[in-house]
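Heads up, the thing below is written out as structure tokens.
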Amino acid sequence: MTRAEKARRIGEILDDLYPHPPVPLDHTSPYTLLVAVMLSAQATDKKVNEITPRLFAVADTPEKMSELSPDEIHVLIREIGLAPTKAKNLSKMAYQIMDAGGEILPDWEFLESLAGVGHKTASVVMGGAFGVPAFAVDTHIHRLAHRWGLSNGSTVERTEKDLKAVFPKDTWSDRHLQIIYFGREYCPARNHDLTQCPICSWAATKKRIAAEARSGPKKNPKARKMPSRAAERAQLPSSE
Ligand code: SF4
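Residue numbers (the numbering used here): 1 to 240.
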């Protein structure tokens with residue numbers, strides 16, 4: 001099975017499982033999405049969604065955020081990991097946006113020039129807020145792309161390039177979200193039986209399945225049962 005064929009079948013399974021994947025971070029504007037994505041570094045989306053109502057009640061625009069000191073922002077987000085650094089970045093970023101006219105622009109260079117904003121964060125905002133095709137790749141997506149045989153790149157940059165090559169451009173933003181949802185729902189943190197997985201059972205190489213089994217497969221009592229349509233997709237014949 002070629003990489004493109006594999007990607008097509010994975011895409012069908014993901015579309016069956018998550019037809020309209022929502023952005024999991026609560027937001028009301030490109031700016032609040034940007035802030036939420038920044039806050040989500042090394043924190044769960046659930047935690048971010050718990051603290052952003054308090055933050056956005058005070059500062060849901062760059063102008064209002066710029067009126068707060070980093071210490072005041074820190075008080076509002078102190079329950080989240082890396083709060084001191086994130087507070088400083090939110091303050092600096094607010095001034096940068098004000099200096100540029102006060103609006104978040106769908107512009108890669110602009111977004112990636114902001115304090116605390118890297119390519120992954122910019123990709124989520126471009127896709128989630130502006131509908132610009134973007135494939136945000138984090139370490140989880142990087143790892144699954146390898147397991148599924150869609151990339152063998154050693155960096156997230158290379159994996160992003162490989163994923164963009166095998167998935168149609170108009171699916172990139174959804175694929176990013178669908179893979180995140182799939183990982184959360186199906187992928188336990190420890191070694192386990194790949195043959196029980198809706199995707200790895202046919203997409204992973206036999207070598208990788210055997211290696212995982214040798215390293216001690218664990219039953220995953222919380223693993224989701226594969227929905228019937230996804231199961232049908234997964235049972236299509238494989239050339240591996
Ligand atoms: S559940 Fe396991 S086998 Fe399936 S995609 Fe996740 S890591 Fe791979």
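Glycine residues also receive a C-beta, built at the ideal position from the N, C-alpha and C atoms.
### Query
Near A122, what residues of its chain come up, given a Cβ to Cβ distance below 7 Å and the 5 sequence neighbours on each side ignored?
W108, L111, E112
### Query
Can you give the Cα-Cα distance for H192 and W148, rounded to whole angstroms?
15 Å
### Message
If you reduce the DSSP assignment to three classes, tell me which class H192 lands in.
### Response
strand
### Task
Count the other CB atoms, across all protein chains shown, that sit within 10 Å of the CB of L105; report buried if there are 16 or more and exposed otherwise.
exposed
### Query
Is any heavy atom of the ligand SF4 found at a distance shorter than 7 Å from the C-beta of H176?
no
### Task
Confirm the yes/no value for this check: CB of L194, any heavy atom of the ligand SF4, distance under 7 Å.
yes
### Task
Measure how close the beta-carbons of D162 and S151 come, nearest whole angstrom, since I'm counting them as under 8 Å.
4 Å
### Task
List the endpoints of the continuous alpha helix (DSSP H) containing T52.
45-58
### Message
Less than 7 Å separating the Cβ of I199 from some heavy atom of the ligand SF4?
### Response
yes
### Environment of T267 [buried if 16+ CB atoms lie within 10 Å]
The requested residue 267 is not part of the displayed model; the chain covers only 1 to 240.
#### Entry: Nonlocal neighbours in the same chain, by C-beta distance under 6 Å from K92, ignoring five residues either side
A115
### Query
Is the beta carbon of I180 less than 8 Å from the beta carbon of L194?
no
### Inter-stretch contact (C-beta, 8 Å, three-pair minimum) for the stretch 28-46 and the stretch 66-85
yes
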